[in-house]
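Residue numbers (our numbering), protein chains in the order written: chain A, -15 to 130; chain B, -15 to 130; chain C, -15 to 130.
Positions of the beta carbon are idealized from the N, C-alpha and C atoms, including for glycine.
This report refers to the structure that appears directly beneath it.
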Amino acid sequence: MKRLFAFLAALVVGGLFAAPAFAQAPSPGAASGKERVVIQISTPEQRIWAQSLNYAENLRALYGKDNVEIEIVALGFGIGVLKLDSPMATRVAETIKNGVGVHACQVTMGRQKLEKADMLPDIGYVQAGLGQIIKRQKEGWSYISG
Amino acid sequence: MKRLFAFLAALVVGGLFAAPAFAQAPSPGAASGKERVVIQISTPEQRIWAQSLNYAENLRALYGKDNVEIEIVALGFGIGVLKLDSPMATRVAETIKNGVGVHACQVTMGRQKLEKADMLPDIGYVQAGLGQIIKRQKEGWSYISG
Amino acid sequence: MKRLFAFLAALVVGGLFAAPAFAQAPSPGAASGKERVVIQISTPEQRIWAQSLNYAENLRALYGKDNVEIEIVALGFGIGVLKLDSPMATRVAETIKNGVGVHACQVTMGRQKLEKADMLPDIGYVQAGLGQIIKRQKEGWSYISG
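Structure below.
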C-alpha cells in the first residue's frame, strides 16, 4: 500500500513540476532543438525584399544549415518579390535551392489577378499568407517581420 | 478503496498528459478553437493602412467570420488611419461593423494632442497601443505587423 | 488514511488546475511579473528609429521603470540608428542611461564593414540580431516590430 502511495505521489509531484517544462517547449520543433523561423514580406520596398533574403542566409549561417527551418511568406505589397519580373529572381532561386521555403500568398494573387504562370518557378504556394504565418506562430515558430 | 485509487490515478495520469495540451493552447481563445489575431499599424504609409484593413477582411474570409477574433491597434505614425480626416474612413467603418476591434492608442493621442473628437466615430481606445499588443501576445493571440 | 487521500487529491487537483497557469507564464520574466519586450529596428527610415525609441520610453511609463525589461535590437538597414553619426545619438544615450538594452547586430556590422569604433559609445553588441530576437521570443518576451 505504501508503495502505491509513493508511486501516486511521485506521479502527482512529477506532473506538477513537469508542467513548466512542457510549457516552455510546446512545439515539436522546439523540442527537437531545431530553430524554426517564419519571415513575413509585405512591403513594396525592394531593399526590404533583399534584406529579408539576407535574413534567411544569416539564419542558416548562425544556426548551421541543418539546424534551422525557415519559411519566407510573401503577401500583399510583398508579392512582387516572387513575380516573374522580380529584381530578386536569382537570389530567390538560390534561397529555395538552399532549402528555405519561399511561399506566395494565393489570396494576394487572386486580388492582383496573378496566375502561377506569372510567378517565379520553384516557389511554393499557400492558401493564405496570413494564415500560414499564424499557423506557424501557433506551432511555436519564431516570427520576424521583414 | 480500489475504486478510489483508480479514480485518483486517472486524475493524476489525466493531469500529466493533459499538461502539454494546455501548454500548446494557453489562451481561452485557442482552447475554444477560435483564432485570435492582433494587427499593429504604426507606419505613416497610407497604402500599408489599406493593406492592414485588407488583412482583417482576409482573415474573416479564411477562418469564417465567427471563428476569428481580430484587433487592429493603431499607434505612433499609424494613428492617422483613425483620425477624422482619414482617407480610410469608410473602410474603417466597414471593418468595425464587421466586428473587428479597431483601437487607437491614447499615449499616441496624448503626444499628438488629439482628443476623441478628432477621431473617427465608433473606434475603440486603449490606454497604450504597445501595452495592448503585448497583453494579447501573452494571452496567446497571434501577432501581425501591418 | 483519509487525510493522506485528501492530501494526495489536493495535490492532483491542484496540479490539474495549476497547469494552465504555468502554460500562460512560461518564461522566468513572466513568472516574476516583469514585462519583457524586444523591439526590432531594421528599417532605413529615421522617423521609425525615433518611434522605436519612443516605444521604450512609453513602455517604461506604462509598466513602471522597475517592472519592465526592454531590449532594442538594430540590424540591417536599422543599424544606422547606432552609428557614430546617428541623428538619434542623444536619444540613444538617454535610452541606455534609462536601463534599456540597445544592441547592434554584429552580422550587419560585418556586412557593412563597421567596427565598434564606428558605433555610438555604451551600446551593446549581439552576435546576430535575428538570433537575439528569436532567443527572446523563445524565452517568452513579447516582440514588437519597430
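With a contact defined as Cβ atoms closer than 8 Å, V110 of chain A and Q90 of chain A qualify at about 7 Å. For the region 92 to 115 of chain B, the residues whose beta carbon sits under 8 Å from a beta carbon of chain C are, in order, R95, Q111, A112, L114 and G115. Distance from the CA of T79 of chain C to the CA of Q35 of chain B, rounded to the nearest whole angstrom, comes to 32 Å. If you draw a 10 Å sphere on the C-beta of N42 of chain C, you find 16 or more other C-beta atoms in it, and that means buried. Within chain A, no residue has its beta carbon less than 9 Å from that of L37 of chain B; the closest one is some 11 Å off. K122 of chain A has a beta carbon lying within less than 9 Å of a beta carbon in chain B. Fewer than three Cβ pairs drawn from the region 112 to 123 of chain B and the region 58 to 69 of chain C lie within less than 8 Å of each other, which leaves the two stretches out of contact. Within the model, the alpha-carbon separation for R44 of chain B versus V21 of chain A is close to 25 Å. Annotated three-state conformation of I107 of chain B is coil, per DSSP. Following the DSSP letters along the chain, one finds V22 of chain A inside the beta strand (DSSP E) bounded by residues E19 to I25. Between S129 of chain A and S129 of chain B a beta carbon distance of about 4 Å is seen, short of the 8 Å cut, so the two are scored as contacting. Sequence-distant Cβ neighbours of G17 of chain C in its own chain, meaning closer than 8 Å and more than five residues away, are N51. With fewer than 16 neighbouring CB atoms inside 10 Å of its own CB, Q30 of chain C falls in the exposed class. With respect to I32 of chain C, T27 of chain B sits close: the two C-beta atoms are nearer than 9 Å. The Cβ neighbour count for L66 of chain B, taken over all protein chains shown within 10 Å, is at least 16; the residue is labelled buried.
DSSP places V86 of chain A within a strand segment (E or B) once states are collapsed to three. V52 of chain C: member of the beta strand (DSSP E) spanning V52 to A58, first to last residue. It is roughly 11 Å from the alpha-carbon of I23 of chain A to the alpha-carbon of Q121 of chain A.
Counting every other CB atom within 10 Å of its CB across the protein chains shown gives L104 of chain C a total of 16 or more, marking it as buried.
The C-beta of R31 of chain C comes closer than 9 Å to at least one C-beta of chain B. Rounded to the nearest whole angstrom, the C-alpha separation of G83 of chain B and A73 of chain C is 43 Å.
Collapsing the DSSP output to three states places K67 of chain A in a strand. V76 of chain A is positioned such that its CB atom lies no closer than 9 Å to that of I54 of chain A.
The shortest CA-to-CA distance from D102 of chain B to any of B:L46, B:S70 and B:E19 is the one to B:S70. Look at G60 of chain A: its C-beta is under 9 Å from a C-beta on chain B. For L46 of chain B, the neighbours in chain A by C-beta distance under 8 Å run, in chain order, V91, Q111, A112, L114 and G115.
Interface flag for I118 of chain C against chain B is unset, since no Cβ pair is found closer than 9 Å. Neighbours of S129 of chain B in chain C, taken as residues whose beta carbon is under 7 Å from its own, are S129 in chain order. Contacts with chain C at 9 Å (Cβ-Cβ) do not include E55 of chain A.
Taking 9 Å as the cut-off, the Cβ atoms of E19 of chain B and I118 of chain A count as close.
Sequence-distant partners of A88 of chain A (beyond 5 residues in either direction) whose C-beta falls short of 7 Å from its own C-beta, in its chain, are A58, I63, L66, M103, I107 and Y109.
From the beta-carbon of S126 of chain B, no residue of chain C is found nearer than 9 Å; the closest lies around 11 Å away.
Under the 10 Å beta carbon count, L37 of chain A is surrounded by 16 or more other beta carbons and is classified as buried. Interface with chain B (9 Å Cβ-Cβ cutoff): V21 of chain C is included.
In this chain, Q96 of chain B is not harboured by any alpha helix (DSSP H), its DSSP state being neither H nor E.
The straight-line gap separating the alpha-carbon atoms of K81 of chain A and Y47 of chain A is approximately 18 Å.
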